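Residue numbers (the working numbering), protein chains in the order written: chain P, 4 to 220; chain G, 4 to 220. Quick reminder that beta carbons are idealized off the backbone N, C-alpha and C, glycines included. No experiment lies behind these values; they were computed from the predicted model shown. To start, the structure itself, in structure tokens.
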DNA sequence: GTCTAACGTTACCGATCGGTAACAGGTTAC
DNA sequence: GTAACCTGTTACCGATCGGTAACGTTAGAC
């Protein structure tokens, strides 16, 4: 997103390393508020100055924790990806061994999240869909570092959905998996335009069920 | 996207108005290159200076044609919307009276456009999906003017697809229309991440067919 | 010929962008 | 104590952002 800067080699050998449990709080506060602001307003719309002051610190302390804004963005993306897989695994877990119910649970949770449930602490009113996908709109095409993060992430979603389709015995697992992915991604995308569940999101459960039955018959 | 500026009331009463056929070319050039740059790199990533010089003119001439960047963005969005409906109607036309084939034609054209066919003149290598949808990521939430353009547009897509579903005699037209919309929007969204047709886009035709058959029986 | 509208050019404005230098206070480990 | 580290603060850098003032040139309309 900007000019490269030589990283100041923060991990000097003289690092004491014992105080690793209760790490400094500034860096965490910055990352947390950055996640909120980036998600809600977009990456390019939020400057490092705004992030720092919103986190209760200043720009200088910001650059002591992050070599550049791009590094913060990279951490934002991987952070959001981690949250996503955590959500995924938690939704999947209760139906281990039943891939079809797992897929249904995922889709039901998607519409639930669209309706109202947002992150616990943050006062985020409306969901804005996929953080990684939205970031892809703003990431310049020559920034392979950030682009690869999103690409790997979306590829993993695709892989998991195809695997789920294969496990439930679909006739064409790749097609069914990709179709489910399109429904989910479409729901993320349209959430930018239609607040809450006023959009086509609510059609997902029936659509997904119809697709599964067609592929299982 | 920026501070509001009083419009200089360009349409003075003394406008001669005869030379309306061969309108000035500067404004058109600016709008055309703006469409390309906005679509390819995002709205926030492209400054008016870059647009003007890429269009073979300069910033001052730009502000003689557009009161502000926001006005240019608004025109960009409505322009892209117009292109979309033009494409839509052209794809629909050959199958008038056969709503199901119309829907199939739309979906086939969607994957065709993802594969290779891009705009005629512009050397745009890869499609980046929906211009209006992508813009929604970058539009600040308090900008009702731009937000409404996208909202109306997406609402019209939804209305047309639901209408198509109703015309083909679907049991639940709203559900089928919304499901088709999710597939299409999902294909637009994932096109940001997967170049060409390497993504789940190619699963659309089979998925759409399965959904239609399920809703028609 | 002259008037006018469209366009190019240069220079500038305040604001903000990402990023840095230098200094001061406070905590903690040893 | 003291040394190392974390943090806050102020001021600054060059670049770019959206937007404007003022002046010149060109070409067509009458």
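{"Item": "Residue 65 of chain P: first and last residue of the uninterrupted alpha helix (DSSP H) it sits in", "Value": "62-68"}
{"Item": "Classification of residue 203 of chain G by the beta-carbon crowding that lies within 10 angstroms, buried from 16 upward", "Value": "buried"}
{"Item": "Close-in-space but distant-in-sequence residues of the same chain around residue 172 of chain P (CB under 7 Å, 5 per side omitted)", "Value": "219"}
{"Item": "Residue 116 of chain P, enclosing alpha helix (DSSP H) - first and last residue", "Value": "102-118"}
{"Item": "Residue-level contact to chain P via CB, residue 102 of chain G, 9 Å cutoff", "Value": "no"}
{"Item": "Neighbour flag for residue 180 of chain P against chain G, beta carbons, 9 Å", "Value": "yes"}
{"Item": "Proximity below 9 Å, CB of residue 210 of chain P to CB of residue 195 of chain P", "Value": "no"}
{"Item": "Where residue 190 of chain P meets chain G, residues with beta-carbon distance less than 7 Å", "Value": "185"}
{"Item": "Simplified DSSP assignment, three categories, for residue 133 of chain G", "Value": "coil"}
{"Item": "Short CB-CB distance (under 9 Å) between residue 217 of chain P and chain G", "Value": "yes"}
{"Item": "Segment limits, alpha helix (DSSP H) that includes residue 79 of chain P", "Value": "72-95"}
{"Item": "Backbone CA spacing between residue 98 of chain P and residue 49 of chain G [nearest angstrom]", "Value": "47 Å"}
{"Item": "Sufficient close CB pairs (3 or more, under 8 Å) joining the stretch 149-161 of chain G to the stretch 98-117 of chain G", "Value": "no"}
{"Item": "Test: residue 133 of chain G CB closer than 9 Å to a CB of chain P", "Value": "yes"}
{"Item": "Proximity test, Cβ basis, 9 Å: residue 41 of chain G and chain P", "Value": "no"}
{"Item": "Beta-carbon gap between residue 77 of chain G and residue 148 of chain G smaller than 9 Å", "Value": "yes"}
{"Item": "Sequence-distant residues of its chain with Cβ nearer than 7 Å to residue 8 of chain G (five each side left out)", "Value": "Since pLDDT at residue 8 of chain G reaches only 25, below the 50 mark, its modelled position is unreliable, and no value is offered."}
{"Item": "Closer than 8 Å at the beta carbon, the chain G residues around residue 109 of chain P", "Value": "Those within 8 Å of residue 109 of chain P in chain G number zero; the least Cβ separation is about 15 Å."}
{"Item": "Coarse secondary structure for residue 145 of chain P, derived from DSSP in three states", "Value": "coil"}
{"Item": "Cβ separation of residue 206 of chain G and residue 178 of chain P, assumed to be a contact under 8 Å, to the nearest whole Å", "Value": "5 Å"}
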